[in-house]
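Colleague: Going by this note's numbering, the sequence shown opens with residue 448, and the numbers climb by one from there.
Shown below is the structure under consideration.
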Amino acid sequence: MMNLAAALQRNAQCKPNKVALICGDTQFTYAQFDHISSQVAGALLAIGIQPGDRVALSCPNLPFFPFIYYGIQKVGGVVVPLNVLFKEREIKYHLKDSEAKFFFCFEGTSELPMAEAGIAAFRQVEQCEHMAVITRDPQQFSFGGMPTLSALIHNATPVKDYAERQADDTAVILYTSGTTGQPKGAMLTQSNMMSNAMVAGNLMAGNGNDVHLAVLPLFHSFGQTVHMNTAVLSGATLLLIPRFEPLHVLSQIEKYHASIFAGVPTMYIGMLHTTSACGSEQDYDLSSLRLAISGGAPLPAEVIKSFESQFKIPILEGYGLSETSPVACFHHLDVERVPGSVGQPVQGVEICIVDDQGMPVETGKDGEVTIRGHNVMKGYLNRPEETASVLKGSWLHTGDIGRFDEAGNLYVIDRIKDMIIRSGFNVYPREIEDVFMTHPDVAMAAVVGIPDDIYGEEIKAFIVLREGDADKVLADEISLLEWGKSQLASYKYPRYIEICKQLPMNATGKVLKKDLKADLGRYER
448 MMNLAAALQR
458 NAQCKPNKVA
468 LICGDTQFTY
478 AQFDHISSQV
488 AGALLAIGIQ
498 PGDRVALSCP
508 NLPFFPFIYY
518 GIQKVGGVVV
528 PLNVLFKERE
538 IKYHLKDSEA
548 KFFFCFEGTS
558 ELPMAEAGIA
568 AFRQVEQCEH
578 MAVITRDPQQ
588 FSFGGMPTLS
598 ALIHNATPVK
608 DYAERQADDT
618 AVILYTSGTT
628 GQPKGAMLTQ
638 SNMMSNAMVA
648 GNLMAGNGND
658 VHLAVLPLFH
668 SFGQTVHMNT
678 AVLSGATLLL
688 IPRFEPLHVL
698 SQIEKYHASI
708 FAGVPTMYIG
718 MLHTTSACGS
728 EQDYDLSSLR
738 LAISGGAPLP
748 AEVIKSFESQ
758 FKIPILEGYG
768 LSETSPVACF
778 HHLDVERVPG
788 SVGQPVQGVE
798 ICIVDDQGMP
808 VETGKDGEVT
818 IRGHNVMKGY
828 LNRPEETASV
838 LKGSWLHTGD
848 IGRFDEAGNL
858 YVIDRIKDMI
868 IRSGFNVYPR
878 EIEDVFMTHP
888 DVAMAAVVGI
898 PDDIYGEEIK
908 AFIVLREGDA
918 DKVLADEISL
928 LEWGKSQLAS
938 YKYPRYIEIC
948 KQLPMNATGK
958 VLKKDLKADL
968 GRYER
């Protein structure tokens, strides 16, 4: 029997007054954290949510996220975290594909009206029977015609214990995708999530005295495992920051004595640029910080060198996928770190580099990265064919190209798939292409990633317009960019658009994206 909520309940019993969550000037003890999540669980039970039912959650890094996440776990439900930047079309797809029965959605801000898009999407998905809007005002019981979280839990009877779940029962569905088809849900089990959090804690030499500064979004597998679940498992404190701003991060490290920071490369670059420009790190006491973690995209060696020199702490870089919960390979504190590598496979995980025939290659040779172990998903939700294409025997075929050196360090060289990683977020060209093909003036679209010093990669769309009447004004690059911005989450829409007369293709009609990447012409926002 296994349930992620067991650690929360244990901490509430053993250290009820220990600070569990901090956000701004608000703090919650483990006893309060456990109680509120039990209220959420009680409310879900009251409306008929059963073990195995899927519950979608769209919320930034605020205490509401862990309250609801662990409340869903307590009833044996399956958490379906959604990116807070999703627009109506994207929310609708994920609610429908996951077959979610309940949807929690944060109210948002004037710049990001999450609830408006969420409510509109919810009303178009019949099988999603219930929705609650998460509002800042605890006295607000209605929002846009929907009940709020406060209304939901107002008279709810807190559950006394968590539901019994088996190790192979699905705990979380994280959405990922390839370059062919729509996003698909990776089913991660109780065992996947529990084991990966334990391994991450061991890698960081974590303990209950740690304060995890969580600016990585908790809806992403990286922040969810390395910060939230690891902190709860060890009884540590989770310092929540909804939005990354370098100087604010530095002030929070000092104020709350944060000991562990995890980020994507753009965050490290942002902190370096900010402090280098004004020497601001000298204004803060950062002596509590003992470790930094990087993932999501390759971290340039020069950035590692500069950060470690300036901040006097080591950076551990790692590699993983949503399908691996996500940690698969990482630098270890007791092993020499080699710049450019992502360290060694983590405890209980094997990584093998194979050729096109699935046979292991020699050390030093490039091949596809395959992974097996306690962290590998049990499959994609309702997609047996796509599951079979990546899970062969007990091995997950990642589609990434890598190699090992003689010391056992893994180097991730390239991606077989055309996936773009922008600021740590996976962006899938096919999805963007499909959206642009709905524009009335677009005949063809091809999307590629281009190098970017800040975000790792940026998104560029090559567009062929339909032939129109001579007196018809067709779309231009600026209007297409603005249209894409209105249709796609902010990390997905192309910042670069080029209108072309034709796309390079091979004899079978396949677009030659390598040729597009070599083209230097582009439109910049």
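Every residue, glycine too, gets a C-beta built ideally from N, C-alpha and C.
None of these values were measured; they are calculated from a predicted model.
Does the Cβ of K702 have 16 or more other Cβ atoms within 10 Å, making it buried, or fewer, making it exposed?
Modeller: exposed
Colleague: With a cut-off of 8 angstroms, do at least 3 Cβ pairs link the stretch 482 to 493 to the stretch 594 to 607?
Modeller: Yes, the stretch 482 to 493 is in contact with the stretch 594 to 607.
Colleague: Since L763 and I740 should fall inside the 8 angstroms C-beta cutoff, what is the C-beta to C-beta distance between them, to a whole number of angstroms?
Modeller: 5 angstroms
Colleague: State yes or no: is the C-beta of K864 within less than 9 angstroms of the C-beta of V911?
Modeller: no
Colleague: H695: buried (16+ other C-beta within 10 angstroms of its C-beta) or exposed?
Modeller: exposed
Colleague: If we count the other Cβ atoms within 10 Å of its Cβ and call it buried at 16 or more, is P498 buried or exposed?
Modeller: exposed
Colleague: Does the contact criterion of 3 or more C-beta pairs under 8 angstroms hold for the stretch 686 to 694 versus the stretch 496 to 510?
Modeller: yes
Colleague: Between the stretch 575 to 592 and the stretch 518 to 527, do at least 3 Cβ pairs fall closer than 8 angstroms?
Modeller: Contact between the stretch 575 to 592 and the stretch 518 to 527 is absent, because fewer than three Cβ pairs lie under 8 angstroms.
Colleague: Looking at the structure shown, is F533 part of a helix, part of a strand, or coil, going by DSSP?
Modeller: Taken through DSSP and simplified to helix, strand or coil, F533 comes out as coil.
Colleague: Taking the C-alpha atoms as reference points, what is the distance between I944 and V837?
Modeller: 33 angstroms
Colleague: Hey, quick one: how far does the alpha helix (DSSP H) through I707 stretch, first residue to last?
Modeller: Note, I707: premise wrong, no alpha helix (DSSP H); beta strand (DSSP E) at I707 to G710.
Colleague: Check whether the Cβ atoms of D608 and Q460 sit closer than 9 angstroms, and answer yes or no.
Modeller: no
Colleague: With DSSP as the reference, label D899 as helix, strand or coil.
Modeller: strand
Colleague: Between the C-alpha atoms of A908 and K932, what's the straight-line distance to the nearest angstrom?
Modeller: 12 angstroms
Colleague: How is the beta strand (DSSP E) around A407 delimited, first residue to last?
Modeller: Since the displayed the chain opens at 448 and closes at 972, residue 407 lies outside it and no answer follows.
Colleague: M806: buried (16+ other C-beta within 10 angstroms of its C-beta) or exposed?
Modeller: Around the CB of M806, fewer than 16 other CB atoms lie within 10 Å, so the residue is classed as exposed.
Colleague: Just to confirm the assignment, what range does the beta strand (DSSP E) spanning K964 have?
Modeller: That residue, K964, is in no beta strand (DSSP E); its alpha helix (DSSP H) goes K960 to A965.
Colleague: Can you name the start and end residues of the alpha helix (DSSP H) that M640 belongs to?
Modeller: Q637 to L650
Colleague: If contact is defined by three or more beta carbon pairs under 8 angstroms, each pair taking one atom from either stretch, is the stretch 835 to 855 in contact with the stretch 814 to 825?
Modeller: yes
Colleague: Label A503 either buried or exposed according to how many other C-beta atoms from any shown protein chain fall within 10 Å of its C-beta, with 16 as the threshold for buried.
Modeller: buried
Colleague: Let me know if M561 comes out buried or exposed under the rule of 16 or more other beta-carbons within 10 Å of its beta-carbon.
Modeller: M561 comes out buried.
Colleague: Can you tell me whether L927 is buried or exposed? The criterion is at least 16 other CB atoms within 10 Å of its CB, across all chains shown.
Modeller: buried
Colleague: Rounded C-beta distance between V580 and T595? I'm assuming under 8 angstroms.
Modeller: 5 angstroms
Colleague: May I ask you to list the residues that DSSP assigns as paired with Q791?
Modeller: F777
Colleague: Which one of E537, N464, T771 and V782 has the shortest CA to CA distance from I798?
Modeller: T771
Colleague: Would you decide whether I494 is buried or exposed? Buried here means 16 or more other CB atoms lie within 10 Å of its CB.
Modeller: exposed
Colleague: Hey, how far is the Cα of Q574 from the Cα of A452?
Modeller: 27 angstroms
Colleague: Roughly how many whole angstroms lie between the Cα atoms of V531 and F551?
Modeller: 11 angstroms
Colleague: Report the start-end ranges of each beta strand (DSSP E) in the stretch 471 to 550 that is 3 residues or longer and not cut off at the edges.
Modeller: 473 to 476, 501 to 505 and 525 to 528
Colleague: Between the alpha carbons of K752 and V711, how many angstroms are there, rounded?
Modeller: K752 and V711: Cα-Cα distance of roughly 16 angstroms.
Colleague: For G814, which of helix, strand or coil comes out of DSSP?
Modeller: Here G814 carries a strand assignment [DSSP, helix/strand/coil].
Colleague: Name the two residues that bound the continuous beta strand (DSSP E) containing D881.
Modeller: No beta strand (DSSP E) holds D881; the alpha helix (DSSP H) holding it covers P876 to F883.
Colleague: Once you ignore the five residues that flank H638 on each side, which residues in its own chain have a CB closer than 7 angstroms to its CB?
Modeller: Note that residue 638 corresponds to Ser in the displayed sequence, not to His. Excluding positions up to five away in sequence, the list reads M449, A614, D615 and H821.
Colleague: Give every residue of the same chain whose Cβ lies closer than 7 angstroms to the Cβ of K462, excluding the five residues on either side of it in the sequence, and list them in chain order.
Modeller: Y477 and G682
Colleague: By a C-beta neighbour count over all protein chains shown, 10 Å radius and 16 as the cutoff for buried, is Q699 buried or exposed?
Modeller: buried
Colleague: Please report the residue range of the alpha helix (DSSP H) in which F569 lies.
Modeller: M561 to F569
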